[in-house]
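S.K.: Numbering (our numbering), first residue to last: 741 to 1232. Even glycine gets a Cβ: it sits at the ideal position worked out from N, Cα and C. Structure in structure tokens, see below.
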Ligand code: BES
Ligand code: MN
Ligand code: ZN
């Protein structure tokens, strides 16, 4: 998808033209221009079709007199004072374009009057939503072949009313990079676990690094053994697929700038191991590498944007399988930190791979580290599919992430990691147990991770509810790539 800025007048364009209407059939400047050119036909149509201008509604009008366009798509913008309405309107228009299989469109949109958002936000959002809505899953092993997905509009011209800005084009490019990052994350998530293995994740990240100029090294099980990552390795030991620790460094900033480290849970399939899961819906555990996918998607986006910042992506990739070599409940392992862990439930494996990655991150002297993980079913119970769970040992960092989530509309909700909860992880046979009982499941999981992220500002995002949707629309969402990109854009 190719985005550009246009300053042309809507009635002069021959292509597929999109104009907005506010609530109560109040026309935007572009809609008014078309209405006048068509001698009032546009408004007549709105009236006869009872199109009020509510956000989320759209109306296709063909062959309006006085205009060159074959089709004018009218989209409801609501009050123009609310960013959620704006997002809904943009999603609606791109869905319509997708249904119509249009290849070239021009969007006329007025400047939003909502607080906390500006022209930069609008421009980025249009491009990121457009790119992300046009996503289709196509099973292909080579995700980086550069082929554009079939049926998506290739040319999108955007006209924003109000004073033009010379950086509009840059913001379109940024939005498009975010959308592409989301789509890469979706592709990785949607791929079946027989293709998307830990080694596949390592390969794709390596290729991406070559394309987008960031350095990638992959630690093998032997390397991890040398580092003492007994916890991470206890998860992969039941699988034929060897674990991988993927270390990707994007260096857009100054050499001395401390990096932001993003850590992704990359369980390419989670059967639960010996503490095996129920079989119904188990296919969805191919999405248990959603955290890793979002880290890779974010790296790809920021390297395309060439952000002047240093970011390291760490992906702890493994497959959690039951077998004769798998970890047993009750086994005690020693993590890279030296802390011993009693594995009471092999299905609580995400924290086992992440804790060693968090200790490994210490060496990088992070300005902050954020881990992203489909960590607990309990998080889906508490926050559903709306917000990701946020946990942090640093109030400023938590606030920064929370704000970025609200701005990007990829929201999070903070939960506590008080000492009272950490106590639930006590073990008679090791420094800590890997589960804390039924109560407060997502909190005790976060408290477990907190024991390993003691040397730097750290936050944990539990995306178990937000990384994918189930049912008829089953598929990855690409979250929290928008949040992570917003967070990083705000750091420059
Ligand atoms: N990957 C799962 C968490 C999950 C479950 C995400 C369902 C999304 C939907 C994780 O590895 C897991 O199995 N967690 C256990 C932890 C428990 C054993 C303490 C869970 O949530 O049941
Ligand atoms: Mn599990
Ligand atoms: Zn899992």
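#1: Alpha carbon to alpha carbon, how far is residue 929 from residue 1216?
#2: Alpha carbon to alpha carbon, how far is residue 1113 from residue 1224?
#3: Considering only residues of the same chain and omitting the five flanking positions on each side of residue 782, which have a CB-CB separation below 6 Å?
#4: Provide the residue(s) that pair with residue 911 in DSSP beta bridges, ordered along the chain.
#5: Could you give the C-beta distance for residue 1097 and residue 948, rounded to a whole number, given that I count them as a contact under 8 Å?
#6: Buried or exposed for residue 1136, please, with buried defined as at least 16 other CB atoms from any protein chain shown within 10 angstroms of its CB.
#7: Residue 1050 by DSSP, collapsed to three states: which one?
#8: Judging by CA-CA distance, which residue of 818, 951, 826, 828 is the nearest neighbour of residue 884?
#9: Given a cut-off of 8 Å on the beta-carbon distance, is the pair residue 849 and residue 900 in contact?
#10: According to DSSP, is residue 800 helix, strand or coil?
#11: How long is the line joining the alpha carbons of residue 802 and residue 1222, rounded to whole angstroms?
#12: When you measure from the CB of residue 1013 to every non-hydrogen atom of the ligand ZN, does any distance come out below 7 Å?
#13: For the ligand ZN, enumerate in chain order all residues having a CB closer than 5 Å to any of its heavy atoms.
#14: Does the ligand MG have even one heavy atom less than 7 Å from the beta-carbon of residue 1096?
#15: Just to confirm my understanding: we take residue 857, look at its own chain, exclude 5 residues before and 5 after, and list those with CB closer than 6 Å. What are they?
#16: In or out: residue 1116 buried (at least 16 other Cβ within 10 Å) or exposed?
#17: Could you give the DSSP three-state label for residue 1059: helix, strand or coil?
#18: With a threshold of 7 Å (Cβ to nearest heavy atom), would residue 1194 be considered close to the ligand BES?
#19: For residue 1106, count the other beta carbons within 10 Å of its own beta carbon; 16 or more makes it buried, fewer makes it exposed. Which is it?
#20: Is the region 1153-1167 in contact with the region 1177-1191, if contact means three or more CB pairs nearer than 8 Å?
#21: If you reduce the DSSP assignment to three classes, tell me which class residue 857 lands in.
#22: If you follow the alpha helix (DSSP H) that residue 1135 is part of, which residue opens it and which one closes it?
#23: Is the region 860-867 close to the region 902-920, with three or more CB pairs under 8 Å?
#24: Residues in the same chain with beta-carbon distance under 6 Å from residue 804, minus the five sequence neighbours each way, listed in chain order, please.
#25: Run through DSSP, which three-state label would residue 809 get?
#26: Under 8 Å, do residue 983 and residue 956 count as touching if we go by C-beta distance?
#27: Using the Cα positions of residue 1068 and residue 971, report the straight-line distance between them to the nearest angstrom.
#28: What are the boundary residues of the alpha helix (DSSP H) that includes residue 1182?
#29: Please say whether residue 1005 and residue 1056 have beta carbons closer to each other than 8 Å?
#30: Are the CB atoms of residue 1084 and residue 1174 within a distance shorter than 8 Å?
#31: Does the Cβ-Cβ distance between residue 1007 and residue 1093 come in under 8 Å?
#32: If we call anything under 8 Å between Cβ atoms a contact, is residue 762 one with residue 896?
#33: What do you get for residue 758, buried or exposed, if any count of 16 or more other CB atoms within 10 angstroms of its CB means buried?
#34: Under a three-way DSSP split, which group does residue 781 fall into?
M.R.: On the basis of the supplied data:
#1: The count along the chain shown starts at 1 and reaches residue 929 at position 189. The count along the chain shown starts at 1 and reaches residue 1216 at position 476. Going by the C-alpha atoms only, they are around 6 Å apart.
#2: For this step, residue 1113 is matched to residue 373 along the chain shown. For this step, residue 1224 is matched to residue 484 along the chain shown. So the two alpha carbons sit approximately 13 Å from each other.
#3: Translated into positions along the chain shown, residue 782 becomes position 42. Once the five neighbours on either side are set aside, the close Cβ partners of residue 782 are 774, 775.
#4: Mapped onto the chain shown, residue 911 falls at position 171. The partner list for residue 911 (beta bridge, DSSP) is empty, contrary to what the question assumes.
#5: Locating residue 1097 in the chain shown gives position 357, where the first residue counts as 1. Locating residue 948 in the chain shown gives position 208, where the first residue counts as 1. With 8 Å as the limit, residue 1097 and residue 948 do not qualify as a contact, their Cβ atoms being about 19 Å apart.
#6: Residue mapping note: residue 1136 aligns to position 396 of the chain shown, counting from 1. With fewer than 16 Cβ atoms within 10 Å of its Cβ, residue 1136 is classed as exposed.
#7: In the chain shown, the residue the question calls residue 1050 occupies position 310. Strand at residue 1050.
#8: Position 144 of the chain shown, counting from 1, holds the residue named residue 884. With distances taken between Cα atoms, residue 884 lies closest to 951.
#9: Residue 849 sits at position 109 when you count from the first residue of the chain shown. Residue 900 sits at position 160 when you count from the first residue of the chain shown. Yes.
#10: Taking the chain shown and counting its residues from 1, the one referred to as residue 800 is at position 60. Looking at residue 800 - three-state DSSP - the assignment turns out to be strand.
#11: The sequence position of residue 802 within the chain shown is 62, counting from 1. The sequence position of residue 1222 within the chain shown is 482, counting from 1. If I take the Cα positions, the gap works out to 35 Å.
#12: By 1-based counting over the chain shown, the position of residue 1013 is 273. The answer is no for residue 1013.
#13: 1007, 1010, 1028, 1090
#14: Among the ligands in the structure shown, the ligand MG does not appear; only the ligand BES, the ligand MN and the ligand ZN can be found there.
#15: Locating residue 857 in the chain shown gives position 117, counting from the first residue. Within the same chain, residue 857 has close Cβ partners 823.
#16: The residue you call residue 1116 lines up with position 376 of the chain shown. Its Cβ being crowded by 16 or more others within 10 Å, residue 1116 is buried.
#17: Sequence index remark: in the chain shown, residue 1059 carries index 319 (1-based). Correct three-state label for residue 1059: strand.
#18: In the chain shown, the residue the question calls residue 1194 occupies position 454. No, the Cβ of residue 1194 stays beyond 7 Å of every heavy atom of the ligand BES.
#19: Locating residue 1106 in the chain shown gives position 366, counting from the first residue. Residue 1106 is buried by the Cβ-count criterion.
#20: yes
#21: The count along the chain shown starts at 1 and reaches residue 857 at position 117. Coil at residue 857, not helix or strand.
#22: To locate residue 1135, count along the chain shown from 1; it is residue 395. Counting along the chain, the alpha helix (DSSP H) containing residue 1135 begins and ends at 1135-1148.
#23: The region 860-867 is in contact with the region 902-920.
#24: Counting from one through the chain shown, the residue named residue 804 turns up at place 64. If you ignore the 5 residues before and after residue 804, its C-beta comes within less than 6 Å of the C-beta of 778, 781, 812, all in its own chain and listed in chain order.
#25: Taking the first residue of the chain shown as 1, we reach residue 809 at position 69. Coil.
#26: The sequence position of residue 983 within the chain shown is 243, counting from 1. The sequence position of residue 956 within the chain shown is 216, counting from 1. Not closer than 8 Å, so no.
#27: As a position in the chain shown, residue 1068 is number 328, starting the count at 1. As a position in the chain shown, residue 971 is number 231, starting the count at 1. Each residue's alpha carbon lies about 13 Å from the other.
#28: Translated into the one-based positions of the chain shown, residue 1182 becomes position 442. Taken as a continuous stretch (DSSP letters only), the alpha helix (DSSP H) holding residue 1182 covers 1181-1190.
#29: On the chain shown, residue 1056 is found 316 positions in, with the first residue counted as 1. On the chain shown, residue 1005 is found 265 positions in, with the first residue counted as 1. Contact: yes.
#30: Sequence index remark: in the chain shown, residue 1174 carries index 434 (1-based). Sequence index remark: in the chain shown, residue 1084 carries index 344 (1-based). Their beta carbons are under 8 Å apart, which means residue 1174 touches residue 1084 by this criterion.
#31: Here residue 1007 corresponds to residue number 267 of the chain shown, with the count starting at 1. Here residue 1093 corresponds to residue number 353 of the chain shown, with the count starting at 1. Yes, the Cβ-Cβ distance between residue 1007 and residue 1093 is below 8 Å.
#32: Mapped onto the chain shown, residue 762 falls at position 22. Mapped onto the chain shown, residue 896 falls at position 156. The answer is no: Cβ separation not under 8 Å.
#33: The sequence position of residue 758 within the chain shown is 18, counting from 1. It counts as buried.
#34: As a working note, residue 781 is residue 41 in the chain shown. Assignment of residue 781 by DSSP, reduced to helix, strand and coil, places it in the helix class.
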